[in-house]
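K.L.:
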Amino acid sequence: MSYMALYRKFRPQGFQDVKGQEALVRTLKNQIQADRIGHAYLFCGTRGTGKTTVAKILRRQSIVNTPGKAVPAEPAPCAGRSGKAAP
Ligand SMILES: Nc1ncnc2c1ncn2[C@@H]1O[C@H](COP(=O)(O)OP(=O)(O)OP(=O)(O)O)[C@@H](O)[C@H]1O
Ligand SMILES: [Mg+2]
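As C-alpha cells, then:
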C-alpha cells in the first residue's frame, strides 16, 4: 500500500467534520444552497487551521450540488482528471 501523509489521511471530507469554524462553514453552506458562490475566495489564517481543507470541501460541494439543492451530510465522491477520487 502506498504511503499517504497524515494530513491527507485525516483531512475532513465534508463540512460536518470541520472543527471550530462554524461561522465560515455556515456561510459557505448558505452560499452553495442559494447558488451564490463567489468567483474567488481568499482563505487567511494561522498554519494548519483548515484553509486548504475548507477550500477542497467547497470545491467538491459546489461541483456535486445542483443549484438550490440542500448540502448533503455526506459528501459525494468527486473524480478528478485522473478518474480517481480527489483527496
Ligand atoms: N478546522 C479543522 N477541522 C478539522 N481538521 C482540521 C481543521 N484544521 C486543520 N485540520 C486538519 O489539519 C491538517 C492540516 O489542515 P489544512 O491543510 O487544511 O491547514 P491549512 O490551514 O491549509 O495549513 P497551511 O497554512 O499550512 O496551508 C489536515 O489534515 C486537516 O484534517
Ligand atoms: Mg494550506
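Residue numbering for the sequence shown follows this note's numbering, starting at 1400 and increasing by one per position. Every residue gets a Cβ at the ideal spot worked out from N, C-alpha and C, and that includes glycine.
Just how far apart, CA to CA, sit Lys1428 and Arg1407?
P.N.:
C-alpha separation (whole angstroms): 23 Å.
K.L.:
Could you tell me whether any non-hydrogen atom of ligand 2 is closer than 7 Å to the CB of Thr1445?
P.N.:
Checking the Cβ of Thr1445 against ligand 2 gives no.
K.L.:
CA-CA distance, Gln1432 and Gly1449?
P.N.:
Cα to Cα, the separation comes out at about 22 Å.
K.L.:
Let me check understanding here. Comparing Cα to Cα, which of Lys1418, Thr1445, Phe1414, Leu1423 lies closest to Gln1460?
P.N.:
With distances taken between Cα atoms, Gln1460 lies closest to Phe1414.
K.L.:
Out of curiosity, what's the CA-to-CA distance linking Val1424 and Val1417?
P.N.:
So the alpha carbons of these two residues sit roughly 8 Å apart.
K.L.:
Apart from the five residues on each side of it in sequence, which residues of its chain come closer than 6 Å, Cβ to Cβ, to Leu1457?
P.N.:
Closer than 6 Å at the Cβ level, and outside the excluded window around Leu1457, lie Leu1427.
K.L.:
Arg1410 and Thr1452: beta carbons closer than 8 Å?
P.N.:
Their beta carbons are under 8 Å apart, which means Arg1410 touches Thr1452 by this criterion.
K.L.:
Please classify Gln1415: does DSSP put it in a helix, a strand, or coil?
P.N.:
If DSSP states are grouped into helix, strand and coil, Gln1415 belongs with the helices.
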